[in-house]
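If you're matching them up, the sequences are chains A and B in order. Every position in the first sequence, counted from 1, becomes a number in the numbering used here once 17 is added. Every position in the second sequence, counted from 1, becomes a number in the numbering used here once 17 is added. Some notes on the structure that comes next.
2 protein chains.
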Amino acid sequence: MVVKVRRTSGSGASVAVEAESGALGREALLKAALDTFVRQGFHGTSMRDIAARAGASISATYYYFPSKVDLLKTIMTGVTEDLIAAMEAARDRAGPAPADRLAAIVRAHVRLHTERQAEAFVGNSELRSLDAEDRAEMVALRDRAGAVLKGVIAEGLAAGVFTCPHPGEAALAILTMCTAVASWFRPEGEAAPAEVADRYADLALAMLGFPGRA
Amino acid sequence: MVVKVRRTSGSGASVAVEAESGALGREALLKAALDTFVRQGFHGTSMRDIAARAGASISATYYYFPSKVDLLKTIMTGVTEDLIAAMEAARDRAGPAPADRLAAIVRAHVRLHTERQAEAFVGNSELRSLDAEDRAEMVALRDRAGAVLKGVIAEGLAAGVFTCPHPGEAALAILTMCTAVASWFRPEGEAAPAEVADRYADLALAMLGFPGRA
């Protein structure tokens with residue numbers, strides 16, 4: 018709203034400043050919502066809690082996000098879209114061999130879950146807090162992430178390099194074990210994210226019956 | 018308290034009746050707490066919500082569980098102790114071969130997570146809601162469950178039947194993929210619990226580099 022008013026003033030510089038501060042305000046609210054959802058759960062959090070944590074007014078909070086569920090949806094959608102993009106980019110960079118493509122997808126999945134632990138936790142624990150329509154949209158978005166993995170498993174089976182008799186369960190097992198990295202990974206632990214990602218790629222390939230390491 | 022009063026009456030029969038109704042009341046409160054935590058989260062749930070759902074009075078609720086966190090701890094401890102017992106019993110029934118023991122543990126883990134989905138969800142989403150001391154106790158209890166699996170992986174590595182170079186990650190991957198069954202399993206789905214459990218046992222063995230099926 019502020020940005021719109023300033024736009025009518027015709028001052029390019031002030032539009033840029035306000036737009037930037039708007040983006041920052043929005044990011045600060047998303048960050049505050051994420052922190053509060055992690056600590057108190059969605060149902061235990063009020064818009065007032067989020068505004069207070071972001072150092073924002075209630076009216077500014079409602080301006081950016083008409084409801085608490087909009088904050089939750091934005092968080093969940095954002096991390097899932099980033100996950101899909103990361104998996105697809107990793108797959109496409111890996112070349113044509115199914116084992117390389119699978120390893121790249123698993124590494125990208127694990128890396129993202131070592132970096133965005135809070136969003137992953139909220140994504141898993143608060144799916145219940147969306148209404149049926151929003152939940153269906155989120156499940157469909159996650160299915161797209163699953164489809165990236167399943168597509169490469171299908172390529173490997175078709176090429177005869179994967180031999181797993183239960184590709185459906187293998188895909189679910191890989192997706193969930195990689196997602197769970199967000200729940201146990203600690204930056205101060207023995208293995209760095211890239212090393213964990215490599216080990217998980219090996220485990221996933223072994224599960225699919227691929228002989229050796231990609 | 019009711020039981021105690023009746024005990025002083027010296028009537029064995031009425032003690033038994035009251036004790037039974039006490040156990041039922043306790044179970045009803047645990048069930049109500051579980052249902053409410055699943056729907057609203059721990060922080061979004063009040064003792065009044067739990068009492069209302071159980072059809073109990075507030076005073077009876079506080080009699081059995083001095084605080085909301087006692088209900089949460091009882092739920093989380095109960096399912097984890099049952100998980101450990103199920104894994105240990107399955108392992109011990111499976112005989113001496115590490116692959117058989119591992120497959121039995123995985124099957125028991127998966128089976129429990131197809132049966133107790135709500136408790137598994139609350140266990141994962143509400144660990145944050147325990148204070149530091151209770152959380153440490155719960156983590157230690159879960160570590161005991163993990164140790165059952167890790168022990169058998171170590172047996173298999175020592176015997177040379179497992180060849181996985183990352184047994185630590187493999188154990189975490191197996192535990193988390195089996196736990197996640199609680200989040201996606203649907204009784205009306207294509208595979209019955211026993212079939213899912215068998216497939217997961219195969220996947221776990223493949224991950225550990227075991228050739229063939231236990």
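All residues carry an ideal CB built from backbone N, CA and C; glycine is no exception. For clarity, every value in this text was computed on a predicted model and none was experimentally measured.
For A:Val123, there are no neighbours in chain B by C-beta distance under 9 Å, as the nearest C-beta there is about 11 Å away. In terms of Cα proximity to B:Leu144, the closest of B:Ala135, B:Ala190, B:Lys90 is B:Lys90.
With a threshold of 8 Å between beta carbons, B:Arg152 makes no contact with chain A. A check of alpha carbon separations from B:Ile101 across B:Arg161, B:Asp66, B:Phe59 identifies B:Arg161 as the nearest.
For A:Ala68, the enclosing alpha helix (DSSP H) starts and ends at 64 to 71. Residues of the region 76 to 99 of chain A that bring their beta carbon within less than 8 Å of a beta carbon in chain B are absent altogether. Phe138, Asn141, Ser142: these are the residues of the region 130 to 142 of chain A whose beta carbon lies less than 9 Å from some beta carbon of chain B, given in chain order. Interface residue (Cβ-Cβ distance to chain A less than 8 Å): B:Arg128 is not classified as such. Its Cα nearest to that of B:Ala116, the residue B:Ile170 stands out among B:Ile170, B:Leu192, B:Ala69, B:Phe138. A straight-line Cα-Cα distance of about 6 Å links B:Thr180 and B:Leu225. In the structure shown, B:Phe59 falls within a coil segment according to DSSP collapsed to helix, strand and coil. Closest option to B:Ala199, judged by alpha-carbon separation, among B:Asn141, B:Ile122, B:Lys48, B:Asp148: B:Asn141. The three-state secondary structure of A:Val178, taken from DSSP, is coil. The Cβ atoms of B:Thr78 and B:Leu129 lie no closer than 8 Å to each other. Taking a C-beta distance under 8 Å as the contact criterion, A:Leu119 and A:Gly61 do not qualify as a contact pair. Residues of the region 155 to 182 of chain B that bring their beta carbon within less than 8 Å of a beta carbon in chain A comprise Cys181, Pro182, in sequence order. By the neighbour-count definition (other C-beta atoms within 10 Å, threshold 16), A:Val165 is a buried residue.
At a beta-carbon threshold of 7 Å, none of the residues of chain A lie near B:Met104; the nearest stands roughly 18 Å away. In this structure, B:Val139 lies near B:Ile92, with their beta-carbon atoms less than 8 Å apart. In this model, A:Ala114 and A:Arg216 are separated by some 19 Å (Cα to Cα). Contacts between A:Asp219 and chain B, judged by CB atoms closer than 8 Å, involve Pro182, His183 in chain order. For B:His130, the enclosing alpha helix (DSSP H) has its first and last residue at 115 to 132. For B:Asp215, the uninterrupted alpha helix (DSSP H) run begins and ends at 210 to 224, by DSSP. Within 10 angstroms of the beta-carbon of A:Ile67 lie 16 or more other beta-carbons, which makes it buried.
Per DSSP, the unbroken alpha helix (DSSP H) holding A:Ser200 starts and ends at 198 to 201.
Using beta-carbon distances, B:Met194 counts as an interface residue toward chain A, with a partner under 8 Å.
In terms of beta-carbon proximity, B:Met64 stays away from the interface with chain A, with every pair separated by 8 Å or more.
Separation of the CB atoms of B:Phe59 and B:Thr131 is rounded to 24 Å, and the pair is thereby denied contact status at 8 Å. Of the other Cβ atoms in all chains shown, 16 or more fall within 10 Å of the Cβ of B:Leu88; this residue is therefore buried.
Secondary structure note for B:Asp109: its alpha helix (DSSP H) is the uninterrupted segment 85 to 110. One thing to note: A:Leu220 has its Cβ no nearer than 8 Å to the Cβ of B:His126.
With 16 or more other CB atoms across the displayed protein chains lying within 10 angstroms of its CB, A:Glu136 is buried. Going by beta carbons, A:Val96 and A:Leu147 fall outside the 8 Å limit. When rounded, the separation of the alpha-carbon atoms in A:Thr53 and A:Met194 is 26 Å.
Annotation for B:Ser76: the continuous alpha helix (DSSP H) segment containing it runs 75 to 81.
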